[in-house]
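A short worksheet on the structure shown next.
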Amino acid sequence: MITFKFATATEIHFGTDTLQNVGALASRMGQRAAIILGRTGERAEPMYPLLDNAGVEQVTFNVDGEPTVNATESIIYSSRNESCDMVISMGGGSVIDTGKVVAGMLTNQGNLMDYLEVVGEGKELNKTAAPHIAIPTTAGTGSEVTRNAVLTVSDHRTKVSMRSIKLLPSLALLDPLLTLSLPPSITAYSGLDALAQLIEPYVSNQSNPLTDALAWDGIGRIRRSLRRAFHDGYDQEAREEMLLASLFGGIALANAKLGAVHGIAGPVGGMYGAPHGAVCGRLLPLVTDAVIQALTQRAPESEAVYKYTKLARYVTDDMGASAKDLVPWLEKLSEDLLVPDLTSHGLSKADIPSVVDKSLQSSSMKGSPIQLTSGELKSILQRAL
Ligand SMILES: [Fe+2]
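Note that my numbering numbers the sequence shown so that position 29 is 32, with each residue one more than the last.
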């Protein structure tokens, strides 16, 4: 029996030059936009005349690196004071996550801490977030269609989420031209994050036929295009495919959960400030190996084994391949894309027990098709050093 729920951004506009429509689209939603950008916000330059011509006023905020609770609180405070009635976020996942939180806090009263999990009170948002146009400039996080925002709590060396279906952006605007100039390392890391965000929901214990279809399609696009985009950043077709794959990964994870790659990547990112995609890229082959081994021993008849086998055959083009053949394919991909080991981010052997403890608590872990033991998690981390 099949039962599932599914939700995504209210509208998705995808296509080369779609950014040209931002003025007309924004003027439908509000009068004064809080514009959230990354450190330099260079890619946003063409957006300003488009908004001016459409009569949309702007107040710009920059997010430096991954957003902290304090920095986000100050953007919320200023955008409320400036009477912003909508948000436009343009950047990587961190920028769009900040946009979601600001949009949520423009319509809901109180402080950010009231709504945060773990470190705050975890209250539910009552009101729908303010209109929010999310414009990704990397192909990886799929944050434009997910319902949570990850913030760093500096004093706790940890990351927390604000989570609500009300945080889904009103419009995800995806223009592949914005990703053309990404450097190879960011292309690789964000692309491997996208791949993890497709494979984990595909084998997740909460997958459904709709997320399966999207995940399968997205994995095929990454297989065809990630190496191409890495070697030639101006390959427009490859960039288009990667942005689509990233979008599908975001939709899949928001509706079918993740797994142990993200369960471990969360704490590692929080503790060492390591780039999320690089960590996911390093963990993906190792976690896949451990999960397939655990399934083979403890649940050999499970649907996940069948799905891993199907996936292995698809990516290797070998109809006789078995589930475990997916592992060397993933290893080769992260090797070709020059993904560093976790030692390079500061992880040491002595820290492994604490990473394991935090990973076991993480909500992403709940999507794993089999519960990994702390011994299995420990051995994944030892191999990742
Ligand atoms: Fe991710």
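Even glycine gets a Cβ: it sits at the ideal position worked out from N, Cα and C. A quick note: this is a predicted structure, and the numbers were derived from the prediction, not measured.
| Check | Outcome |
| --- | --- |
| When burial is assigned at 16 or more other CB atoms within 10 Å of the CB, is M4 buried or exposed? | exposed |
| What is the C-beta distance between P288 and L333, in whole angstroms, given that I count them as a contact (C-beta under 8 angstroms)? | 4 angstroms |
| When the Cα atoms are used, what is the spatial distance from S228 to L250? | 15 angstroms |
| Could you tell me whether the region 189-198 touches the region 146-162, using the rule of 3 or more Cβ pairs below 8 angstroms? | no |
| Is A199 close to ligand 1? I mean its beta-carbon at under 7 angstroms from any heavy atom of the ligand. | yes |
| For M89 versus A29, is the C-beta spacing smaller than 8 angstroms? | yes |
| Output the boundary residues of the beta strand (DSSP E) element that contains K310. | Taken as a continuous stretch (DSSP letters only), K310 belongs to no beta strand (DSSP E), being part of the alpha helix (DSSP H) at E306 to T319. |
| Nearest CA to the CA of G18: which residue from G26, Y118, L181 and S167? | L181 |
| In this structure, how does DSSP classify E59 when only helix, strand and coil are distinguished? | With the sequence shown as reference, residue 59 is identified as Val, and Glu is not the correct amino acid for it. In the structure shown, V59 sits in coil (DSSP, three-state: anything other than H, G, I, E or B). |
| Give a single yes or no on whether H348 has its beta carbon closer than 7 angstroms to a heavy atom of ligand 1. | no |
| Compute the Euclidean distance between the alpha carbons of E147 and Y309, then round it to the nearest angstrom. | 31 angstroms |
| Does the separation of the CB atoms of N258 and T214 fall below 8 angstroms? | yes |
| What residue ranges within the region 331-376 form continuous alpha helix (DSSP H) runs of no fewer than 4 residues, ordered along the chain? | 355-364 |
| Would you mind working out which of S92, P186, I79 and N65 sits nearest V25, comparing C-alpha positions? | S92 |
| Would the C-beta of T144 count as close to ligand 1, meaning under 7 angstroms from any of its heavy atoms? | yes |
| Between which two residues does the beta strand (DSSP E) containing V122 stretch? | Looking at the DSSP string, V122 is not in any beta strand (DSSP E), and its letter there is neither H nor E. |
| Near G3, what residues of its chain come up, given a Cβ to Cβ distance below 6 angstroms and the 5 sequence neighbours on each side ignored? | Outside the modelled stretch of the chain, which goes from 4 to 388, sits residue 3, for which no answer is possible. |
| Just to confirm the assignment: which complete alpha helix (DSSP H) runs, minimum length 4, are found wholly within the region 24-86? | 25-32, 50-56 and 72-84 |
| Given 8 angstroms as the limit, is there contact between the region 126-136 and the region 104-118, that is, 3 or more CB pairs closer than that? | yes |
| Quick one: measure Cβ to Cβ for L201 and A218, integer angstroms, because I've assumed they're closer than 8 angstroms. | 5 angstroms |
| Quick check on this structure: which residue in N65, T75, S367 and C87 has the alpha carbon closest to the alpha carbon of G266? | S367 |
| For A37 versus F64, is the C-beta distance shorter than 8 angstroms? | yes |
| For ligand 1, is there a heavy atom less than 7 angstroms away from the beta-carbon of D100? | no |
| What does the Cβ neighbour count give for F7, buried or exposed, with the cut at 16 atoms within 10 Å? | exposed |
| Extract the residue ranges of the alpha helix (DSSP H) inside the region 225-307, only unbroken runs of 4 or more that lie entirely within it. | 239-259, 263-275 and 279-301 |
| Closest to T190 by C-alpha separation, out of Y205, T319, L171 and A232, would be which residue? | A232 |
| Just curious, the beta strand (DSSP E) that A175 is in, first and last residue? | L174 to L177 |
| What do you reckon, are the CB atoms on G94 and G33 nearer than 8 angstroms? | no |
| Please state whether DSSP places H167 in a helix, a strand or coil. | Reading off the sequence, residue 167 comes out as Ser, not His. Of the three classes helix, strand and coil, the one that applies to S167 here is coil, per DSSP. |
| May I ask you to list the residues that DSSP assigns as paired with K162? | T155 |
| Report the CB separation of Y311 from A324 in whole angstroms; it is logged as a contact under 8 angstroms. | With 8 angstroms as the limit, Y311 and A324 do not qualify as a contact, their Cβ atoms being about 10 angstroms apart. |
| Could you check what DSSP says for A137 in three-state terms: helix, strand or coil? | strand |
| So is L350 buried or exposed if we call it buried at 16+ other beta carbons inside 10 Å? | buried |
| So for M108, helix, strand or coil by DSSP? | helix |
| Is D196 near ligand 1, judged by its Cβ being under 7 angstroms from some heavy atom? | yes |
| Confirm, please, whether the CB-CB distance from K162 to G280 is below 8 angstroms. | no |
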